[in-house]
Amino acid sequence: MQKKRLFFFGVLLSVVLLALSISLLLQMYKEAEASKEPVEQTPHSERTFSLQIKTFESTITLGAIGDILIHDWVYNDAKTNHGYDFKPMFKHVKDMLEQPDILLANQETILGGDEIGISSYPMFNSPQEVGDALVDAGVDIVSTANNHSLDKGEKGLLTSLSYMDKIGLPYVGTYTSPEEQQTLTILSNNGINIAYLSYTYGTNGIPVPQGKDHLVNLINQEKMKDEIHRAKEKADVIVMSLHWGNEYQLFPTDGQKELGHFLINEGVDILFGHHPHVLQPMEWVKTADGRESLIVYSLGNFLSGQMWDYKDIGGMATIEVTKTINEDGRKVKLANPEFYPTYVSNQNLQNYRVVPLQDAEPYGLKNAVAKYDEIMSHMTKELQ
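What the sequence shown shows, in the UniProt record's numbering, is residues 1 to 384, in sequence order.
This is how it looks when you write it as structure tokens:
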């Protein structure tokens, strides 16, 4: 009996202790919860991103030389046992010609070659090796719209263009088809696209074959305006090569100035003139829309058989073109026009060489330095 009571009290005591323990634990939990400070939730800070428009700027130099007019004296001097070699004629100016990023030449005579029959004035047809020499010297594109474009008819023109295609020499101003004529000639260098256009006043009275107006671009202000506007949509810079003016006159006519300013205001940036066979000055022209454009009224003869009275003095004109793209849009600026005069030397109609004018005294030009100063003043005084 005594054992049962002791057992009962033991169980009772255990239950009481367990209850007290649970009660104490609950009280401690409540106190702990009550003592906790609320944690304030800080919202995430907003992240903003500033997108910077990158600035693109590129500068190239464009250049042009005058008439490549191959008289019989010149091609006879270039004759070899296996054809013709005109490369030595350019060797003294090759370093100069390689300086521009893109160099234009006025190829005044067709390159029909032996198939058509080599000939001189007044109906020219030149050896095709002339084209090889131009490419070797650094020429990148030729203007072919001039008064001698149809000297050997449609066949001569097409044969010449075919050879230029063969050697990879771009041309502008004469074409093989209407489709080619309507395709803009655009060369690109260092992110800058340059459209080249070319027109001539006529073809020495030789009519363009009926229905084949595409063969040669004749000066027509409405057609020129249309091509200029199309070029403005595709190119950063528009270069016009123009066969115009009066032969052997050292200054442009009023007609040249009027047409030149019209073309500049329509959108041409640089105008290189040909045909007078002597140099005519360079000038800046401020356009109605605020652009500054360059006109070189005539680049004279670069290589020809003509002599004396400034007909054997030519040169290379260059200008820097800078294209900038930034948050304000696209801008093209012309700067630093330069002129490098040259002289065509020969000894008794042999050893034809194009040389820098200031170095021409050993090649037969008296007072070469004085002549250099005269020509530089003539060409650049309107740029001041």
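Ideal placement from N, C-alpha and C gives every residue a C-beta, glycine not left out.
For LEU259, does the three-state DSSP call read helix, strand or coil? helix
Rounded to whole angstroms, how far is the Cβ of GLY315 from the Cβ of LEU279, which I believe are closer than 8 Å? 7 Å
How long is the line joining the alpha carbons of LEU187 and GLU57, rounded to whole angstroms? 18 Å
Mind checking whether ASP269 and LYS323 have CB atoms under 9 Å apart? For ASP269 and LYS323, no; Cβs fall outside 9 Å.
Do LEU103 and SER160 have their C-beta atoms closer together than 9 Å? no
In angstroms with no decimal places, state the Cα-to-Cα distance between ALA145 and GLY153. 13 Å
In its own chain, which residues sit with a C-beta less than 6 Å from the C-beta of PRO38, not counting the 5 before and 5 after it? With a pLDDT of 48 at PRO38, under the threshold of 50, the modelled position of that residue is not reliable, and no figure is offered here.
Have a look at the DSSP bridge pairing and note the partners of SER119. Note: SER119 sits in a beta bridge opposite ASN125.
Residues bridged to SER177 by DSSP? Paired residue(s): none; SER177 is not in a bridge.
Give a yes or no on whether the C-beta atoms belonging to ASN336 and GLU361 are separated by under 9 Å. Contact: no.
So which of GLU108, MET307, TYR75 has the shortest CA-CA distance to LEU69? GLU108
Cβ contact (3+ pairs, closer than 8 Å) linking the region 81–97 and the region 125–136: yes
Can you tell me where the alpha helix (DSSP H) holding THR183 begins and where it ends? No alpha helix (DSSP H) contains THR183, which DSSP labels as neither H nor E.
For ILE194, does the three-state DSSP call read helix, strand or coil? In the three-state reduction of the DSSP assignment, ILE194 falls in the strand class, which pools E and B.
What's the C-alpha gap between LYS311 and THR342? 11 Å
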